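Participant: If you read the sequences in order, they're chains L and G.
Following our numbering, the numbering of the first sequence begins with 20 at its first residue and continues without gaps.
Following our numbering, the numbering of the second sequence begins with 47 at its first residue and continues without gaps.
All C-beta atoms in this analysis are idealised placements derived from N, C-alpha and C, irrespective of residue type, glycine included.
Source: prediction; values computed, not measured.
Before we start, here is the structure in question, set down as structure tokens.
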Amino acid sequence: MKQFLKQIIFYSSLLIVILIGFEIITSNILISNSDFKITSNPKYIIVGNSHAEMAYNDSLISDVKNLSESGEAYFYTYYKVEKILKHNSSISTVFIEFTNVNIDKKMDSWTWDDVFMTYRLEKYAPLIEWQGKAFLLYKNPFSYITSLIFICKERIKLILDENLVYDKKLGGYKKFDKADEVNANKKSDIDILTEQLKDYDVSNQNLKYLHKIVKLCNDQEVNIVFIRSPQHSDYGLWGNEPVFQNILKQQFAGLDFLDFSRFNLEDDDYLNAAHLNAKGAKRFSIWFDKMLKTELLNPKNRSELNRAIIQVNY
Amino acid sequence: MLFNSIDFAIFLPIVFVLYWFVANQNLKLQNALIVAASYVFYGWWDWRFLSLIIFSSLVDYSIGVALLKQKNEYKRKALLWTSIGINLGFLGLFKYYNFFVDNFVTAFTFFGSEIKPNTLNIILPVGISFYTFQTLSYTIDVYREKLAPTKDFIAFSAFVSFFPQLVAGPIERATNLLPQFYKKRQFDYANAIDGLRQILWGLFKKVVIADQCAELANQIFNNSADYSGSTLFMGALFFTMQIYGDFSGYSDIAIGTSRLFGFNLMQNFAFPYFSRDIAEFWRRWHISLSTWFRDYLYIPLGGSRGGTWMKVRNTFIIFIVSGFWHGANWTFIVWGLLNAIYFLPLLLTNNNRNNLDVVAQGRFFPTLKEVMLMALTFGLILVAWIFFRAENIDHALRYLSSMFSHLGSYFLMGIYIKYRFILMLLLFFMLTEWIGRNYQFAIQEISRIIPNKSVRWATYLFISYMILLTQGKPQEFIYFQF
Chain L
20 MKQFLKQIIF YSSLLIVILI GFEIITSNIL ISNSDFKITS NPKYIIVGNS
70 HAEMAYNDSL ISDVKNLSES GEAYFYTYYK VEKILKHNSS ISTVFIEFTN
120 VNIDKKMDSW TWDDVFMTYR LEKYAPLIEW QGKAFLLYKN PFSYITSLIF
170 ICKERIKLIL DENLVYDKKL GGYKKFDKAD EVNANKKSDI DILTEQLKDY
220 DVSNQNLKYL HKIVKLCNDQ EVNIVFIRSP QHSDYGLWGN EPVFQNILKQ
270 QFAGLDFLDF SRFNLEDDDY LNAAHLNAKG AKRFSIWFDK MLKTELLNPK
320 NRSELNRAII QVNY
Chain G
47 MLFNSIDFAI FLPIVFVLYW FVANQNLKLQ NALIVAASYV FYGWWDWRFL
97 SLIIFSSLVD YSIGVALLKQ KNEYKRKALL WTSIGINLGF LGLFKYYNFF
147 VDNFVTAFTF FGSEIKPNTL NIILPVGISF YTFQTLSYTI DVYREKLAPT
197 KDFIAFSAFV SFFPQLVAGP IERATNLLPQ FYKKRQFDYA NAIDGLRQIL
247 WGLFKKVVIA DQCAELANQI FNNSADYSGS TLFMGALFFT MQIYGDFSGY
297 SDIAIGTSRL FGFNLMQNFA FPYFSRDIAE FWRRWHISLS TWFRDYLYIP
347 LGGSRGGTWM KVRNTFIIFI VSGFWHGANW TFIVWGLLNA IYFLPLLLTN
397 NNRNNLDVVA QGRFFPTLKE VMLMALTFGL ILVAWIFFRA ENIDHALRYL
447 SSMFSHLGSY FLMGIYIKYR FILMLLLFFM LTEWIGRNYQ FAIQEISRII
497 PNKSVRWATY LFISYMILLT QGKPQEFIYF QF
């Protein structure tokens, strides 16, 4: 039995060494060969989670590239923004979705739970530096190692295909035509989120990476603007609004925050309470484009902007 | 719990350590641990269906004990039929109820009467066909007095639920497996190492061969109308390799895992794609099921005794029932029927027991005749698998018709360019299988081919590495659905 166990341990150790070696080699290949240049040379990028992903139809907005992606925590957004800014000097402003869900404790699971981690590591491997990988390994070692196993195949495909242009791999506007499920979805969203609010807790982890994104933009002298995409009045996480406002005031005072959450839309403009469908995104994006052209970002015009939003909204 | 999942990779070492380091002093404890581990393994899918296994174990255990006491032949027969009725009743309810209802409705509608179907929303419990047949073998063997009924309920429960082979076989005979639960198992280094080797090869078959072929086969079968004949041919080939890799891979992992715990299960696949005729194929494919049907259905029906008509009738019954065992769909029945038709000429000309040895015994290269026979048999099997994989009969017929009528203009070269990676992989796989065809599994006697230990270990690592590289998210084994 002793001999058997010795052999098993030795063999497993060899396998782990191979796996780590694979991770190091393929990551380096991907990091050194990936192309993060955005071909359209945008002036503005939009990053965030599914709220922004479904709200900004960048084909209708000039000079904008929407790079948001569903379920993306700021940990991943940070590495994404870092790489994109490094390779795209045309970018002058980063719009980042900051909404009620982003302060929620569940953002921790969006960062290191197995399903999210496997998905992100598969896709964002070239983005995340070793420090970030060590952080994920520390937070959830089991899932990190299993993720490494699950992503091997995709990693090899990526390298063999030489398909390392990241222009279209890092998120983008997602179109949903449906509107008929709004009510059903609204209800379920509300039920789930209201349930979560009972023992509400803030994700300091997610906020820490938001601070890092702000610092990154400041260091690179790129304007950063917080945006809150339209949300239905029945959106369940409205309940944390006082906490949200408090964080905004205390931790991010002085930063631009464009709040479109009360943007005046009809029920059938929503896919569900948190997300716009294609019709809503079209209405909102056309308006956003117009505002961007009329110097939405000039702080001197902020009062005019607020009036403009109010005019539209109420 | 899937064999190719992280859950199982954690579960197996835990059970192994508990089994050999905690429960090794006591037979009862070893068996109890196997029962507990098996229930966890099964309950991982859906704990509610554990009640079925427990109930089935209780019924057959009690009937076994009652058969021991009962001397009256009529009452013994009644007990046997009670066991058969209950076991097949569950199987019928969960697996075939909706099929029969739907077909009755279709038949009545055809004759002009409209009836409202009363179908049930039933989930098929994983592996029900496998453990039902295993428990039935116990009762039938006890009834035939080939096996003494057990009085040890824990040992019997362990036999019914033994986790390595619970959900997809091999369907063990009580006469082989049950007595192994009566003796305390001792750790055997050589057997355990051999078991690990078999697990490794099973995982390779499943993850590297079957799952890779599955991606392509699914793509082609699901969009068959869009493809030319050559691509459809490749789809059928990929499915042929998928089902072999998937199912024989599962069997290898099951047998290998059993060896780690000191058990020996029967061989379930003996390199069936190197068969020289259909009869040989059926002696090499899913051996535990074929022999089950032979012993508990074909022989009781009269087997090959009696006249030609009797032989033909029994052959058709066996193949059709075997098809139906795989699932409640006409495609499986036609698949069984087709195999019966393939088998018939051999039976009628008394050539069904021609090829009992291993092909090219003692030689590396087969003769031209052997190559042609293997190719012909493989081709027939490939066509039959199309019915097995298709959504329905119509889909299968359309697939076959397009496969032979639109071969495409760039058959060989085009196929090579398009599928070169998977074809190279399949070539490597089949070559390894060919080299190891004299053994239980292809790499069992790898030390004869690669005597150098370091090179052998490098080969194991290479195989493990291939498994890791192609793993992706775990895919279920096809045979779970049966």
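Using the three-state DSSP reduction, which class does Val172(G) fall into: helix, strand or coil?
Facilitator: Val172(G) falls in the coil class under three-state DSSP.
Participant: Per DSSP, what kind of secondary structure is Arg231(G) in: helix, strand or coil?
Facilitator: In the structure shown, Arg231(G) sits in coil (DSSP, three-state: anything other than H, G, I, E or B).
Participant: Among Glu260(L), Tyr157(L), Lys105(L) and Leu177(L), which has the Cα closest to the Cα of Thr130(L)?
Facilitator: When only C-alpha atoms are compared, the closest one is Tyr157(L).
Participant: Excluding the five sequence neighbours on either side, which residues of its own chain have a C-beta within less than 6 Å of the C-beta of Ala55(G), listed in chain order?
Facilitator: Once the five neighbours on either side are set aside, Ala55(G) has no close Cβ partner at all.
Participant: Residues in the same chain with beta-carbon distance under 7 Å from Trp66(G), minus the five sequence neighbours each way, listed in chain order, please.
Facilitator: These residues qualify, in order along the chain: Phe233.
Participant: Check whether the segment 333 to 340 of chain G touches the segment 505 to 517 of chain G, counting contact only when three or more Cβ pairs, one atom from each stretch, lie closer than 8 Å.
Facilitator: Contact fails: fewer than three Cβ-Cβ distances are below 8 Å.
Participant: Would you check if the distance between the CB atom of Gln211(G) and the CB atom of Ala69(G) is smaller than 8 Å?
Facilitator: Contact flag unset, no.
Participant: Can you confirm whether Leu267(L), when its beta carbon is compared against all beta carbons of chain A, has any partner nearer than 8 Å?
Facilitator: In the structure shown, chain A does not exist; the protein chains are L and G.
Participant: Could you check whether the Cβ of Leu177(L) sits closer than 8 Å to any Cβ belonging to chain G?
Facilitator: Output row for Leu177(L): interface = no.
Participant: First and last residue of the beta strand (DSSP E) that includes Phe245(L)?
Facilitator: Phe245(L) -> beta strand (DSSP E) spans Asn242 to Arg247.
Participant: Identify the continuous alpha helix (DSSP H) that holds Ile200(G) and give its terminal residues.
Facilitator: Element bounds for Ile200(G): Phe199 to Ser207.
Participant: Indicate whether Thr423(G) and Ser294(G) have their beta-carbon atoms separated by less than 8 Å.
Facilitator: No. Outside cutoff.
Participant: Distance cutoff 8 Å, beta carbons only. Does Leu33(L) sit that close to anything in chain G?
Facilitator: Output row for Leu33(L): interface = yes.
Participant: Against chain L, with Cβ distances strictly below 8 Å, would Trp66(G) count as a contact?
Facilitator: For Trp66(G), the answer is yes, since a Cβ of chain L falls inside 8 Å of its Cβ.
Participant: Could you pull out every unbroken alpha helix (DSSP H) segment of at least 4 residues lying fully inside the segment 466 to 524 of chain G, listed in chain order?
Facilitator: If we require 4 residues or more, the alpha helix (DSSP H) runs fully inside the segment 466 to 524 of chain G come out as 492 to 495 and 499 to 516.
Participant: I need the straight-line Cα distance from Trp91(G) to Trp328(G), nearest angstrom please.
Facilitator: Spanning the two alpha carbons is a distance of roughly 31 Å.
Participant: By the DSSP assignment, the alpha helix (DSSP H) with Ile217(G) in it spans what residues?
Facilitator: Ile217(G) -> no alpha helix (DSSP H), and no H or E assigned at all.
Participant: Can you find a C-beta in chain G that's less than 8 Å from the C-beta of Leu38(L)?
Facilitator: For Leu38(L), the answer is yes, since a Cβ of chain G falls inside 8 Å of its Cβ.
Participant: Inspect the beta-carbon positions of Ile266(L) and Leu226(L) and report whether they are closer than 8 Å.
Facilitator: It is a contact, given that the beta carbons lie within the stated cut-off.
Participant: Quick check on Ile122(L) - is its C-beta less than 8 Å from some C-beta in chain G?
Facilitator: Taking Cβ atoms only, chain G never reaches closer than 8 Å to Ile122(L), which makes this a no.
Participant: Anything in chain L within Cβ reach of Phe233(G), meaning under 7 Å, just list it in chain order.
Facilitator: In chain order: Met20.
Participant: Does any CB atom of chain L fall closer than 8 Å to the CB of Leu402(G)?
Facilitator: No, no contact with chain L.
Participant: Is Tyr88(G) buried or exposed, if buried means 16 or more other CB atoms sit within 10 Å of its CB?
Facilitator: Tyr88(G) is buried by the Cβ-count criterion.
Participant: Do Val380(G) and Leu343(G) have their C-beta atoms within less than 8 Å of each other?
Facilitator: Contact: no.
Participant: Less than 8 Å between C-beta atoms, sequence neighbours within five positions excluded: which residues of the same chain meet that for Leu79(L)?
Facilitator: These residues qualify, in order along the chain: Lys301, Ser304, Ile305 and Asp308.
Participant: Since Asn85(L) is in the beta strand (DSSP E), which residue starts that stretch and which ends it?
Facilitator: Looking at the DSSP string, the run of the beta strand (DSSP E) that includes Asn85(L) is Val83 to Asn85.
Participant: Is the CB of Tyr465(G) under 8 Å away from at least one CB in chain L?
Facilitator: No, no contact with chain L.
Participant: Counting only Cβ-Cβ distances shorter than 8 Å, please list the residues of the segment 162 to 177 of chain L near chain G, keeping chain order.
Facilitator: Taking 8 Å as the Cβ-Cβ cut-off against chain G, the residues of the segment 162 to 177 of chain L that qualify are Thr165, Ile168, Phe169, Cys171, Lys172, Glu173 and Ile175.
Participant: DSSP has Tyr97(L) in a bridge; who is on the other side?
Facilitator: Per DSSP, none; premise fails for Tyr97(L).
Participant: Excluding the five sequence neighbours on either side, which residues of its own chain have a C-beta within less than 7 Å of the C-beta of Ala78(G), listed in chain order?
Facilitator: These residues qualify, in order along the chain: Ile200.
Participant: Under a CB-based cut-off of 8 Å, is Phe23(L) close to chain G?
Facilitator: Yes, contact with chain G.
Participant: Nearest chain G C-beta to Ser207(L) closer than 8 Å, yes or no?
Facilitator: Here Ser207(L) scores only 49 on pLDDT, less than 50, and its place in the model should not be relied on; the value that follows carries that caveat. No, its Cβ sits nowhere closer than 8 Å to a Cβ of chain G.
Participant: Consult DSSP for Tyr107(G) and reduce its assignment to one of helix, strand or coil.
Facilitator: Of the three classes helix, strand and coil, the one that applies to Tyr107(G) here is helix, per DSSP.
Participant: Output, in chain order, the set of chain L residues within a Cβ distance shorter than 7 Å of Ser510(G).
Facilitator: Under the 7 Å cutoff, chain L gives Leu34.
Participant: Measuring only the C-alpha atoms, how far is Ile103(L) from Lys56(L)?
Facilitator: Approximately 7 Å between the Cα atoms of the pair.
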